[in-house]
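Since the structure comes first, as structure tokens, the remarks are kept for the end.
Number of protein chains: 2
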Amino acid sequence: MDLERRVEEFKRKARALGLKVTPQRLAVYKAIAQRHDHPSAEELFEELKDKIEGISLTTVYRTLSSLESVGLVQRVPTLKDKVRYDARVEPHSHFVCLKCGKIYDLDTIPKVNRKEVESVGEPVSCTAICYGICKECKGEEV
Amino acid sequence: MDLERRVEEFKRKARALGLKVTPQRLAVYKAIAQRHDHPSAEELFEELKDKIEGISLTTVYRTLSSLESVGLVQRVPTLKDKVRYDARVEPHSHFVCLKCGKIYDLDTIPKVNRKEVESVGEPVSCTAICYGICKECKGEEV
DNA sequence: TTTTAAGAGCAAACTATTTGTATATGCTTA
DNA sequence: TAAGCATATACAAATAGTTTGCTCTTAAAA
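These protein sequences, in sequence, are chains S and R. First residue of the first sequence? That's 1 in my numbering, and the numbers climb one at a time after it. First residue of the second sequence? That's 1001 in my numbering, and the numbers climb one at a time after it.
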């Protein structure tokens, strides 16, 4: 889906969910939607502060948390202390480069042992994380 | 493997890796090894502060980071801002309860689309996270 | 034992994130 | 389409989680 349509859908959904569509929110959403590197609040703010009149780090944090609470963005599971966000909210997985830390999207949904999962609880969704060395870093090795 | 053997193995490995085996480190390791709830540094400290003479939160943090750096414990991928640790370092997966937040171990290793993963990079390990409602919480529903 | 490099404790620093509050603004409805 | 109001914003200050500097202590090799 192209960005414009996603943005229109975002506006519609946000309003339907009782969230006002402000320039700041729109800017944050657009930024996440067109990047594929799952930025943190700080990174989004760095990108937007010069482009968008009147945006503060606080607003970025509050925006992300509002959007997350209505399911318009998602957190990415990580080992680190910084929260990273994803505008892809349908089930998918990630590849984390152990060298550069970049996170790539994988379309795959993992197959897990249903019996075992159900012995613990009722699953709602599953995601996989693959750790490894990305092609870019692989290429740099001499 | 029983706790005693794991502790002996821990001592041996730690020394071999150049880490001194102190009472504090031993206590931290034992605590993680016998719990299955992947505690945070703070939670470990809460558990140990009354049992172990001379342990500080700082030491728990430093211990975890030393043990992690030599591979004797691992972080658990989460969506939250608190780092959680696991003494199971062999590949396995997790089930996260969306209601109570508890994290359960799954023995499964996910099957992912190898072709797709290799288009991004060279995988080293893969883990799955299943989100759902655990049996305990399911039982509470009236 | 003795020696010494590594670990522990405390306090203070740091980083990521949240909150209080006064002002501004999307958007519903009259 | 203007008005009113609930919701959003910015700033500063607070908080939570984690790390660091420094001094004293100790595990363990010799």
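Built from N, CA and C at the ideal position, the CB exists for glycine as well. Treat the numbers as computed from the prediction; the structure is a model and nothing was measured.
Query raised in the report: CB-CB under 6 Å to Thr1108 of chain R, same chain, minus the five flanking residues each way: which ones, in chain order?
Result: The answer, listed in chain order, is Ser1093.
Requested in this report: Please go through the stretch 19 to 103 of chain S and give each complete alpha helix (DSSP H) segment of 4 or more residues, from N-terminal end onward.
Outcome: For the stretch 19 to 103 of chain S, whole alpha helix (DSSP H) runs of length 4 or above, ordered along the chain, are 23 to 34, 41 to 48, 57 to 69.
Report task. Mark Arg1084 of chain R as exposed unless 16 or more other C-beta atoms lie within 10 angstroms of its C-beta, in which case mark it buried. Result -> Here Arg1084 of chain R is buried, its C-beta having at least 16 other C-beta atoms within 10 Å.
Requested in this report: Name, please, each residue of chain R whose Cβ falls closer than 9 Å to the Cβ of Pro39 of chain S.
Outcome: What Pro39 of chain S touches in chain R: nothing, since even the nearest Cβ is about 15 Å away.
Query - For Lys135 of chain S and Arg6 of chain S, the rounded distance between their alpha carbons - result: Distance between the alpha carbons of Arg6 of chain S and Lys135 of chain S: 29 Å.
Query raised in the report: So with Cβ pairs under 8 Å, would you call Val21 of chain S a contact of chain R?
Result: Not an interface residue.
Query raised in the report: Quick one: is Tyr131 of chain S near chain R, going by C-beta distance under 8 Å?
Result: Output row for Tyr131 of chain S: interface = yes.
Query raised in the report: With 16 other CB atoms within 10 Å as the buried threshold, where does Thr1059 of chain R fall?
Result: Buried.
Query raised in the report: Which residues in chain R sit within 9 Å of Tyr104 of chain S, going by Cβ to Cβ distance?
Result: Chain order gives the chain R residues near Tyr104 of chain S as Val1120, Gly1121, where near means a beta carbon separation below 9 Å.
Query - Under the three-state DSSP convention, the category Val120 of chain S falls into - result: Correct three-state label for Val120 of chain S: helix.
Query raised in the report: Residues of chain S with CB under 7 Å from Val1070 of chain R, in chain order?
Result: Going along chain S, no residue has its Cβ under 7 Å from Val1070 of chain R, so there is no contact; the nearest lies around 16 Å.
**Report entry** Leu17 of chain S, DSSP secondary structure in three states
**Finding:** DSSP, read as helix, strand or coil, puts Leu17 of chain S in coil.
Report task. Would you mind giving the Cβ-Cβ distance between Pro1110 of chain R and Ala128 of chain S, rounded to the nearest angstrom? I have them listed as a contact below 8 Å. Result -> Between Pro1110 of chain R and Ala128 of chain S, the beta carbon gap of about 5 Å places them in contact (Cβ cut-off 8 Å).
Query raised in the report: Would you say Phe95 of chain S faces chain R, with C-beta separation under 8 Å as the test?
Result: Chain R contact via Cβ: present.
Query raised in the report: Does the beta carbon of Ala144 of chain S come closer than 8 Å to any beta carbon on chain R?
Result: This structure leaves residue 144 of chain S out entirely; chain S is present only between 1 and 142.
Query raised in the report: Whose C-alpha, out of R:Leu1048, R:Pro1023, R:Gln1024, is nearest the C-alpha of Arg1035 of chain R?
Result: If you compare the alpha carbons of R:Leu1048, R:Pro1023, R:Gln1024 with that of Arg1035 of chain R, the shortest gap goes to R:Leu1048.
Query raised in the report: Can you tell me where the alpha helix (DSSP H) with Lys135 of chain S in it begins and where it stops?
Result: Where Lys135 of chain S is concerned, the enclosing alpha helix (DSSP H) stretches over 135 to 140.
Report task. Scan the stretch 58 to 84 of chain S for residues whose Cβ lies nearer than 7 Å to a Cβ of chain R and list them as they occur along the chain. Result -> Of all residues in the stretch 58 to 84 of chain S, Arg75, Pro77, Thr78, Leu79, Asp81, Val83 have a Cβ within less than 7 Å of some Cβ in chain R.
Query raised in the report: With a CB to CB cut of under 7 Å and the five nearest residues on each side skipped, what residues in its chain are close to Gly71 of chain S?
Result: The beta carbon of Gly71 of chain S lies closer than 7 Å to those of Val89 in the same chain, with the five residues before and after it left out.
**Report entry** Leu106 of chain S and Val1120 of chain R closer than 8 Å at C-beta
**Finding:** Yes, they are a contact pair.
Report task. Assuming Cys984 of chain R and Val1112 of chain R form a contact by the criterion Cβ under 8 Å, report the distance between their Cβ atoms to the nearest whole angstrom. Result -> Only positions 1001 to 1142 of chain R appear in this structure, which leaves residue 984 of chain R out of reach.
Query raised in the report: Measuring CA to CA, which of S:Thr63, S:Pro39, S:Glu43 is closest to Ala14 of chain S?
Result: The option with the nearest alpha carbon to Ala14 of chain S is S:Thr63.
Report task. Report the rounded CA-to-CA distance for Pro1039 of chain R versus Asp2 of chain S, giving the unit in angstroms. Result -> A direct Cα-to-Cα measurement between Pro1039 of chain R and Asp2 of chain S gives close to 42 Å.
Query raised in the report: Excluding the five sequence neighbours on either side, which residues of its own chain have a C-beta within less than 6 Å of the C-beta of Glu53 of chain S, listed in chain order?
Result: Answer for Glu53 of chain S: no residue qualifies.
Query raised in the report: Who are the neighbours of Val112 of chain S on chain R, taking C-beta pairs under 9 Å?
Result: Going along chain R in sequence order, the residues near Val112 of chain S (Cβ under 9 Å) are Ser1093, Leu1106, Thr1108, Ile1109, Pro1110, Lys1111, Ala1128, Cys1130.
Requested in this report: May I have the straight-line CA-CA distance separating Tyr1029 of chain R from Leu1098 of chain R, to the nearest angstrom?
Outcome: If you draw a straight line from the Cα of Tyr1029 of chain R to the Cα of Leu1098 of chain R, it is about 28 Å long.
Query raised in the report: Mind checking if Ser125 of chain S is an interface residue toward chain R, Cβ cutoff 8 Å exclusive?
Result: Taking 8 Å as the CB threshold, Ser125 of chain S lines the interface with chain R.
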